[in-house]
Amino acid sequence: MVEPWKVQVRFEDSWQSGLLSWSAEGPIVELDSGEEITSDALVKLNQEAILDENGKTYVRQGKEYIISLEPVLVREGTFTPVLDEKTDSSIYPPDTNLWYTRLLRGNEMVNFLLHNIEGSARYYLAIVHKDLLIQAHTIRQYEVGALRYETNAELWRKGWAADAPDFDALAILDDPRPDWKCIDRLTDGIRIPIRGETVAEAFDELIPPQWPSKVRQEIKAFFAYICKGQPEEDPLDFFPRFQKYRMLYGMLLGHYRSMIHSADTYPYVRWMWQTQSQQLHIDSLAFPEETEQQPWHVFRNYMYDRTLAFERAAEITEKLNKSGKVITQLPVSREEAEESEDAWIERMWMMAMGLRIWAHVRAPVLGLQEAVYLGRAQRWPHKHLRTITRLGDSHGNPRYFHHMMISPLAFQKVKATIPGLSSIAFSAYNANYHLYNVKDRQWRTDLESLESRENISLDDLKRRFGRNKQGFIGPLSKKQAIILDYIVSQGWLAAIELHKGIPGTDIDQDTLERFLTFMRDGKALDLMYRVSPYGLP
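Below, the structure is given as structure tokens:
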């Protein structure tokens with residue numbers, strides 16, 4: 008436990024002594040006079056709190072700084088206080104005191120509090136776990152983007168079921184255990200003793216004991232829910248209530264979407280123990296680096312991988328893309344799902360696979376340009392970065408593909424920092440679900456076809472993708488930018504239907520459809536429908 012720090016607080020014409028401490032709500036200074044200060048003050052300190060690999064915090068004296076007491080940014084995120092072994096930085100340029108490396112490997116929820124430093128381009132970062140300060144030090148300006156900008160997964164979770172009703176999904180743990188027929192399907196021939204009369208007791212030994220208590224509870228609840236059979240409610244009423252239970256939610260989506268190809272129950276118990284002993288490997292999906300570390304993440308990802316139905320995705324998206332329609336709801340309606348079990352399964356599958364309307368933006372039409380950087384450095388998030396993708400295995404020293412959307416003026420400034428940055432003359436998008444071999448569970452690439460197009464001209468590419476004519480729309484209004492940002496980063500048809508527009512805004516479905524039609528007809532973007540292999544977030 009880190010004791011409160013002795014600091015100085017600056018007032019208009021004097022300094023006063025006090026004790027500084029942090030909690031999840033923020034910092035507080037108790038002055039020697041007994042008065043408590045939480046904002047509108049500058050604090051002089053020279054302490055840093057540093058974690059070792061065993062998760063123990065050491066306080067040391069450092070350079071003296073004057074920081075703003077009120078944070079400029081507060082956010083919740085994952086973090087791992089304990090590192091299994093001596094670890095180097097996971098990013099270049101390196102992170103200060105491995106704070107971002109710990110964030111990427113995180114399995115505990117913490118609060119990050121960022122403070123301005125007077126007269127410096129650096130920031131002071133405090134990390135609080137369970138109302139206790141565990142790490143605090145300065146960070147460089149380029150590191151701030153990792154906190155300031157949200158990942159796609161964070162945006163998706165916030166935008167999908169942001170106003171879902173409060174629901175205790177774990178109350179089912181106190182229910183009587185399911186019937187033996189369902190338990191036999193779950194264990195799939197594995198001899199594991201079933202003891203106790205409640206769900207919590209009966210399923211206790213099915214799950215590796217090394218896994219965190221919260222994860223174990225959610226997996227037990229998952230077993231109980233699937234033993235109850237297909238929900239009677241509409242998918243958009245049933246699933247959003249589970250969204251805050253990340254393990255349970257993801258497993259429910261994966262399980263029920265497998266119903267599209269008549270699967271009943273997979274050998275989930277066997278998979279858990281195999282991932283715990285590192286016997287299972289993912290065939291066809293590439294997952295974010297931060298989800299590759301823990302066995303329970305591998306198990307969930309393996310489950311996603313095994314419940315895919317790309318052949319169905321190809322059929323549905325091809326039909327929607329050929330229709331030329333702009334739709335902002337699931338193609339199978341609530342009424343159709345009420346009348347037919349097959350329609351319910353189809354509607355649920357579309358939701359669980361993350362069927363979305365998506366836009367490939369033609370940057371020049373908006374007065375912007377696309378840029379790409381291929382390399383091992385400069386991997387910190389920044390405002391121009393659209394996507395970053397690792398090329399190859401995480402071991403060794405892989406390169407990363409950086410895709411940026413940037414103004415022409417900013418391009419020159421960024422290129423001064425990243426000399427390897429290149430502008431993109433032409434880009435297009437195509438979802439090649441037909442390349443997925445269902446039987447072999449592998450993606451197949453037609454190398455001969457690719458080689459035959461190696462020398463294709465830019466004019467031929469433009470003709471092929473309908474780019475002979477290019478319009479110009481120019482800068483967007485704030486509302487238009489919100490729409491475009493949402494469609495590019497999210498665009499879930501289930502979420503739009505559920506919220507009758509863009510979640511968290513006053514933009515309704517009619518406004519959304521009119522704007523997308525205008526942008527498409529103005530050659531500013533290419534609209535298409537696609538699915539996410541991971542389903543909804």
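In my numbering, the protein residues as written are 8 to 544.
Quick reminder that beta carbons are idealized off the backbone N, C-alpha and C, glycines included.
Please read all numbers here as calculations on a predicted model, not as lab measurements.
Integer-rounded CB distance, given that residue j should sit under 8 Å from residue i
{"i": "residue 572", "j": "residue 396", "result": "Look at the range of the chain in this structure, 8 to 544, and you will see that residue 572 is not part of it."}
{"i": "residue 197", "j": "residue 277", "result": "6 Å"}
{"i": "residue 31", "j": "residue 102", "result": "Contact doesn't hold; Cβ gap of about 22 Å is too wide."}
{"i": "residue 118", "j": "residue 75", "result": "Going by Cβ atoms, the distance from residue 118 to residue 75 rounds to 17 Å, so no, they are not a contact pair."}
{"i": "residue 14", "j": "residue 44", "result": "With 8 Å as the limit, residue 14 and residue 44 do not qualify as a contact, their Cβ atoms being about 10 Å apart."}
{"i": "residue 29", "j": "residue 135", "result": "5 Å"}
{"i": "residue 84", "j": "residue 58", "result": "Actually they do not touch by this definition, with Cβ atoms about 15 Å apart."}
{"i": "residue 257", "j": "residue 307", "result": "5 Å"}
Environment of residue i [buried if 16+ CB atoms lie within 10 Å]
{"i": "residue 72", "result": "buried"}
{"i": "residue 104", "result": "buried"}
{"i": "residue 498", "result": "buried"}
{"i": "residue 55", "result": "buried"}
{"i": "residue 544", "result": "Below a pLDDT of 50, predicted positions are generally treated as unreliable, and residue 544, at 46, falls in that range; no measurement from the model is reported."}
{"i": "residue 302", "result": "buried"}
{"i": "residue 65", "result": "exposed"}
{"i": "residue 128", "result": "exposed"}
{"i": "residue 463", "result": "exposed"}
{"i": "residue 439", "result": "exposed"}
{"i": "residue 187", "result": "exposed"}
{"i": "residue 368", "result": "buried"}
{"i": "residue 61", "result": "exposed"}
{"i": "residue 419", "result": "exposed"}
{"i": "residue 88", "result": "buried"}
{"i": "residue 34", "result": "buried"}
{"i": "residue 153", "result": "buried"}
Alpha-carbon to alpha-carbon, residue j and residue i
{"i": "residue 355", "j": "residue 285", "result": "32 Å"}
{"i": "residue 21", "j": "residue 259", "result": "59 Å"}
{"i": "residue 435", "j": "residue 469", "result": "9 Å"}
{"i": "residue 11", "j": "residue 184", "result": "48 Å"}
{"i": "residue 351", "j": "residue 142", "result": "49 Å"}
{"i": "residue 267", "j": "residue 446", "result": "16 Å"}
{"i": "residue 429", "j": "residue 414", "result": "13 Å"}
{"i": "residue 81", "j": "residue 121", "result": "6 Å"}
{"i": "residue 221", "j": "residue 511", "result": "29 Å"}
{"i": "residue 338", "j": "residue 535", "result": "14 Å"}
{"i": "residue 240", "j": "residue 360", "result": "18 Å"}
{"i": "residue 253", "j": "residue 178", "result": "16 Å"}
{"i": "residue 100", "j": "residue 383", "result": "10 Å"}
{"i": "residue 489", "j": "residue 496", "result": "11 Å"}
{"i": "residue 631", "j": "residue 316", "result": "Residue 631 lies beyond the stretch modelled for the chain, which goes from 8 to 544, so this question has no answer here."}
{"i": "residue 8", "j": "residue 132", "result": "18 Å"}
{"i": "residue 218", "j": "residue 282", "result": "11 Å"}
{"i": "residue 330", "j": "residue 365", "result": "15 Å"}
{"i": "residue 97", "j": "residue 343", "result": "49 Å"}
{"i": "residue 530", "j": "residue 67", "result": "58 Å"}
{"i": "residue 377", "j": "residue 504", "result": "31 Å"}
{"i": "residue 443", "j": "residue 459", "result": "21 Å"}
{"i": "residue 69", "j": "residue 52", "result": "9 Å"}
Neighbourhood of residue i by C-beta distance below 6 Å, restricted to the same chain and skipping five residues each side
{"i": "residue 520", "result": "333 and 335"}
{"i": "residue 358", "result": "242 and 501"}
{"i": "residue 189", "result": "234"}
{"i": "residue 409", "result": "380 and 395"}
{"i": "residue 265", "result": "314"}
{"i": "residue 262", "result": "233"}
{"i": "residue 48", "result": "16 and 76"}
{"i": "residue 231", "result": "179 and 206"}
{"i": "residue 79", "result": "121 and 123"}
Contacts around residue i, its chain only, beta-carbon distance under 7 Å, and the 5 residues preceding and following it disregarded
{"i": "residue 174", "result": "248"}
{"i": "residue 255", "result": "176, 225, 228, 229 and 249"}
{"i": "residue 391", "result": "411, 412, 413, 417 and 421"}
{"i": "residue 487", "result": "522"}
{"i": "residue 238", "result": "245"}
{"i": "residue 432", "result": "465"}
{"i": "residue 201", "result": "190 and 209"}
Near the ligand ATP: residue i beta-carbon under 7 Å from a heavy atom
{"i": "residue 320", "result": "Judged by which ligands are present, the structure shown has none, so any question about the ligand ATP falls away."}
Same chain only: Cβ atoms within 8 Å of residue i, ignoring 5 sequence neighbours per side
{"i": "residue 181", "result": "205, 206 and 207"}
{"i": "residue 26", "result": "11, 12, 13, 14, 36 and 37"}
{"i": "residue 404", "result": "383"}
{"i": "residue 515", "result": "507 and 508"}
Min CB distance residue i to chain B below 8 Å
{"i": "residue 154", "result": "The structure shown contains no chain B; it holds only a single protein chain."}
Query - Continuous alpha helix (DSSP H) assignments of at least 4 residues falling wholly in the stretch 336-366 - result: Taking 4 residues as the shortest admissible run, the stretch 336-366 contains the following complete alpha helix (DSSP H) segments, listed from N- to C-terminal end: 341-346 and 348-359.
Query raised in the report: Mind pulling the alpha helix (DSSP H) runs of 4 or more residues that sit fully within the stretch 174-253?
Result: Scanning the stretch 174-253 for uninterrupted alpha helix (DSSP H) segments of 4 residues or longer gives 187-194, 206-209, 220-234 and 242-245, listed from N- to C-terminal end.
Query raised in the report: Can you list the beta strand (DSSP E) stretches of 3 or more residues lying completely in the stretch 35-84, in chain order?
Result: Correct list: 49-58 and 64-75.
Query - Those runs of the alpha helix (DSSP H) which lie wholly inside the stretch 468-530 and span at least 4 residues - result: Taking only runs of at least 4 residues, the alpha helix (DSSP H) segments lying wholly in the stretch 468-530 are 485-496, 500-506 and 516-528.
Requested in this report: With a floor of 4 residues, list each alpha helix (DSSP H) that falls wholly inside the stretch 106-144, ordered by position along the chain.
Outcome: List check, alpha helix (DSSP H) in window: 106-111.
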